[in-house]
Amino acid sequence: MPRIRPEMRLVLAFTLMSLLLGEGAWALTCHCHGEGSACISENNCTGATLCYLRVIYQQDRDSYVDYGCIDDFGGLINPSLICNRTMSHGRDETHFLCCGDYDFCNKDLSIPPRESGPSSSSSPVTPTPTHSPTPEKQENKISLWLLLIVTIIPTIFILNLILCILLGIHLRQYHRIRTREQRQSEVRSTGSDQIQFVNSTTCT
């Protein structure tokens, strides 16, 4: 099994770190509230790939609305199967809306009205923002880009610095080897000339 050189280990480590940081930089922060949400802090959850708004209309009980991160489900449910759909269970009706455009985007989703009559099939629902993103949301989006830039630029700089150092070490070793070979060649050439001179003197 080939061994990985120490300098290559550093390059791989920094590359992996940049990928992990880049992935973390794209995580969303969502509004989190309601019975079905597990908020890690007051009214928000972080580290999500999508934010959701869920509305459940119940026939014999009070209806309720909850907000949260799609990661609340532990990755056990495929978002494409539940997002932006209406699901009916008997006389109960569930609307599940998802978004991922900016932080707290699920606060801007309008609560859909109850559909007339129960249905056993699911039909698509188009989420409609109640208003355009507020300055707070725009600032969150800008801060996301700033975090991404602050993370990636130093990483690229460090990787380039490491590559330059490795290239310099390689060129220095190559120059030393060439110099050593040239000196050995000169020594051999000088020794050969001396032997020829001695032989010619002896013959004379």
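Counting with mature numbering (1 follows the signal peptide of the UniProt record, and there is no 0), you get residues -27 to -1, 1 to 177 for the letters of the sequence shown. Positions of the beta carbon are idealized from the N, C-alpha and C atoms, including for glycine. All of these numbers come straight from a predicted model, not from anything done at the bench.
Taking DSSP as the reference, what is the three-state secondary structure of ILE29?
-> strand
On the three-state DSSP scale, how would you describe residue 181?
-> Any property of residue 181 remains undetermined from this structure, which presents the chain solely from -27 to 177.
For GLU66, count neighbouring C-beta atoms within 10 Å of its own C-beta (all shown protein chains included) and say buried if the count is 16 or more, exposed if not.
-> buried
Apart from the five residues on each side of it in sequence, which residues of its chain come closer than 7 angstroms, Cβ to Cβ, to PRO52?
-> Excluding positions up to five away in sequence, the list reads LEU23, ILE43, CYS71.
Which of helix, strand or coil DSSP assigns to LEU1 = strand
Under three-state DSSP, which class holds GLU88?
-> coil
Tell whether a beta-carbon distance below 8 angstroms holds between GLY63 and CYS5.
-> no
If we ignore side chains and look at the alpha-carbon of each, how far apart do ILE84 and PHE69 end up?
-> 10 angstroms
Whose C-alpha, out of ALA21, THR152, ILE126, is nearest the C-alpha of TYR75?
-> ALA21
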